Amino acid sequence: MPLHLLCVGLATVDLIQRVTRFPAPNEKIQSESVDVAAGGPATNAAITAAALGARVTLLSAVGRHPLAALLKADLEAHHVTLLDATPDATTPPPVSAVTVLSTTGERMIVSRNAGATEVPVPEEGLPTADLTLTDGHHPELARAAARKAARLLIDAGSWRPVFPDLFPHAEVVACSADFRHPAATASGDDAATARAIAAPAVVITHGPAPVRWFTADASGEVPVPTVKAVDTAGAGDAFHGALAVAMLNGLPLPAATATASRTAAIRVSHAGPRSWLTHLV
């Protein structure tokens, strides 16, 4: 049986439209296409990991609002088991409006995310997993997951107040270039960020530029495959899902980072939230 990955964090309903240019204020334009899909950092990572062959459970807050059915159907279609911490909630799940510029793959996102909603830990507790990934959304769930995790990967796309509670439990913290640790002395200094996080391993992505990695006694960088950017939405999430699978498979950090970078490049080079998954091998 494949090793088990538990993803803990945000699940959204994403409305994605592709346009030839971004609209000006008060302007209406026609989109080239429209997709509706499950989204959110932990969710996109979960779907990526499942496509790569992992057995994946997503712990999030979804509820039973009609919009939640769209989210649940997408997870089921991509073989991700949902553990809903708020199964009786009647409020809408978080919704993200994603606009992708078809000429460059750049995107604009307007999202409520999880707001200030407090999500309780399920009474039955958390499932046992070989590796846990959390994005820091739903802080109480993230704390519970970090405490229980056999191995913990943290998606640190941007700073969240919960991270000081999570970092001491992490094996790997994966940051974007936009991440800023309050204790880092120099803004944009990757080494300072890694020192402030103080995890056994820190990975920092820079879009199409090389990914940098740091451990206690070594550091290095991994080039990112050069591709034509078609859609950058969810590329970081794809990176995290692939990094989790590489860790499950026992790859050392540089090799795991290279594998994750290739997966993110595949995501960027294909349009739409899901069609690119068929190109994974």
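Just so you know, our numbering puts the end of the sequence shown at 395, numbered straight through with nothing missing.
Here a beta-carbon is modelled for each residue, glycine too, at the ideal position from N, C-alpha and C.
All values reported here derive from a predicted model rather than from experimental measurement.
Exercise. Measuring CB to CB, does Ala-284 end up less than 9 Å from Ala-260?
Worked result: By one-based count along the sequence shown, residue 284 stands at place 170. By one-based count along the sequence shown, residue 260 stands at place 146. With respect to the 9 Å criterion, Ala-284 and Ala-260 are classified as neighbours on the basis of their beta carbons.
Exercise. Rounded C-beta distance between Val-359 and Ala-152? I'm assuming under 8 Å.
Worked result: Translated into positions along the sequence shown, residue 359 becomes position 245. Translated into positions along the sequence shown, residue 152 becomes position 38. Contact annotation, Val-359 with Ala-152: C-beta distance approximately 19 Å; criterion of less than 8 Å not satisfied.
Exercise. So, using beta-carbon positions, are Val-127 and Leu-197 closer together than 9 Å?
Worked result: Counted from its first residue, the sequence shown places residue 127 at position 13. Counted from its first residue, the sequence shown places residue 197 at position 83. Val-127 places its beta carbon 9 Å or farther from that of Leu-197.
Problem set entry | Beta-carbon contacts of Pro-116 that lie in its chain and below 7 Å, excluding the five residues immediately before and after | On the sequence shown, position 2 is the one that residue 116 refers to. Counting only residues of its own chain and dropping the five nearest sequence neighbours on each side, Pro-116 has a CB closer than 7 Å to the CB of Gly-167, Ala-168, Arg-169.
Exercise. In whole angstroms, what is the alpha-carbon distance linking Leu-173 and Ala-258?
Worked result: Against the sequence shown, residue 173 aligns to sequence position 59. Against the sequence shown, residue 258 aligns to sequence position 144. Whole-angstrom Cα-Cα distance: 11 Å.
Exercise. Relative to the C-alpha of Ser-290, which residue among Ala-330, Ala-160, Ile-268, His-320 is closest?
Worked result: The residue you call residue 290 lines up with position 176 of the sequence shown. Taking only the C-alpha atoms, the option nearest Ser-290 is His-320.
For this session: Pull up the distance between the alpha-carbon of Ala-138 and that of Arg-221, whole angstroms please.
Result: Residue 138 sits at position 24 when you count from the first residue of the sequence shown. Residue 221 sits at position 107 when you count from the first residue of the sequence shown. If I take the Cα positions, the gap works out to 15 Å.
For this session: In the DSSP assignment, find the unbroken beta strand (DSSP E) run with Leu-129 in it and report its ends.
Result: Here residue 129 corresponds to residue number 15 of the sequence shown, with the count starting at 1. Taken as a continuous stretch (DSSP letters only), the beta strand (DSSP E) holding Leu-129 covers 126–133.
Exercise. What is the residue span of the beta strand (DSSP E) that Thr-319 lies within?
Worked result: The residue given as residue 319 occupies position 205 in the sequence shown. Here the beta strand (DSSP E) through Thr-319 covers 315–320.
Exercise. Is Phe-353 near Ile-318, with beta carbons less than 9 Å apart?
Worked result: If you number the sequence shown from 1, residue 353 lands on position 239. If you number the sequence shown from 1, residue 318 lands on position 204. Remark: C-beta atoms of Phe-353 and Ile-318 do not approach each other more closely than 9 Å.
For this session: Pull up the CB-CB distance for Leu-120 and Pro-241, whole angstroms please, since I reckon it's below 8 Å.
Result: Sequence index remark: in the sequence shown, residue 120 carries index 6 (1-based). Sequence index remark: in the sequence shown, residue 241 carries index 127 (1-based). In this structure Leu-120 is in contact with Pro-241, their Cβ atoms being roughly 6 Å apart against a cut-off of 8 Å.
For this session: Tell me where the beta strand (DSSP E) around Thr-162 begins and ends.
Result: Start at 1 with the first residue of the sequence shown, and residue 162 comes out as number 48. That residue, Thr-162, is in no beta strand (DSSP E); its alpha helix (DSSP H) goes 155–165.
Exercise. Is Glu-220 near the ligand NAD, judged by its Cβ being under 8 Å from some heavy atom?
Worked result: Because no ligand of any kind appears in the structure shown, any question about the ligand NAD cannot be addressed here.
For this session: Could you tell me which residues DSSP pairs with Val-150 in its beta bridges?
Result: Locating residue 150 in the sequence shown gives position 36, counting from the first residue. In DSSP, Val-150 forms a bridge with Leu-129.
Problem set entry | Same chain, Cβ closer than 8 Å to Asp-244, neighbours up to 5 away in sequence not counted | Position 130 of the sequence shown, counting from 1, holds the residue named residue 244. Around Asp-244: Leu-117, His-118, Leu-119, Ala-264, Arg-265, Leu-362.
Exercise. In three-state terms, what does DSSP make of Leu-394?
Worked result: As a first step, residue 394 is located in the sequence shown; it is residue number 280 there, counting from the start. DSSP places Leu-394 in coil when its eight states are reduced to three.
Exercise. Any idea what DSSP makes of Glu-254, helix, strand or coil?
Worked result: As a working note, residue 254 is residue 140 in the sequence shown. If DSSP states are grouped into helix, strand and coil, Glu-254 belongs with the helices.
For this session: For Phe-328, collect the residues of the same chain with a Cβ closer than 6 Å to its Cβ; drop the 5 residues on either side in sequence, then sort them by chain order.
Result: Taking the first residue of the sequence shown as 1, we reach residue 328 at position 214. Within the same chain, Phe-328 has close Cβ partners Ala-308, Val-316.
Problem set entry | Ala-288 in three-state terms, based on DSSP | Taking the sequence shown and counting its residues from 1, the one referred to as residue 288 is at position 174. DSSP places Ala-288 in strand when its eight states are reduced to three.
Problem set entry | Local Cβ density within 10 Å of Ala-379, reported as buried at 16 or more and exposed below that | Stepping through the sequence shown from its first residue, residue 379 is reached at position 265. Buried, because 16 or more other Cβ atoms sit within 10 Å of the Cβ of Ala-379.
For this session: Could you name the residues that DSSP lists as bridge partners for Asp-303?
Result: Taking the first residue of the sequence shown as position 1, residue 303 is located at position 189. Beta-bridge pairing links Asp-303 to no other residue.
For this session: Using a threshold of 9 Å, state whether the C-beta atoms of His-251 and Pro-180 are closer than that.
Result: Against the sequence shown, residue 251 aligns to sequence position 137. Against the sequence shown, residue 180 aligns to sequence position 66. Taking 9 Å as the cut-off, the beta carbon of His-251 is found no closer than this to the beta carbon of Pro-180.
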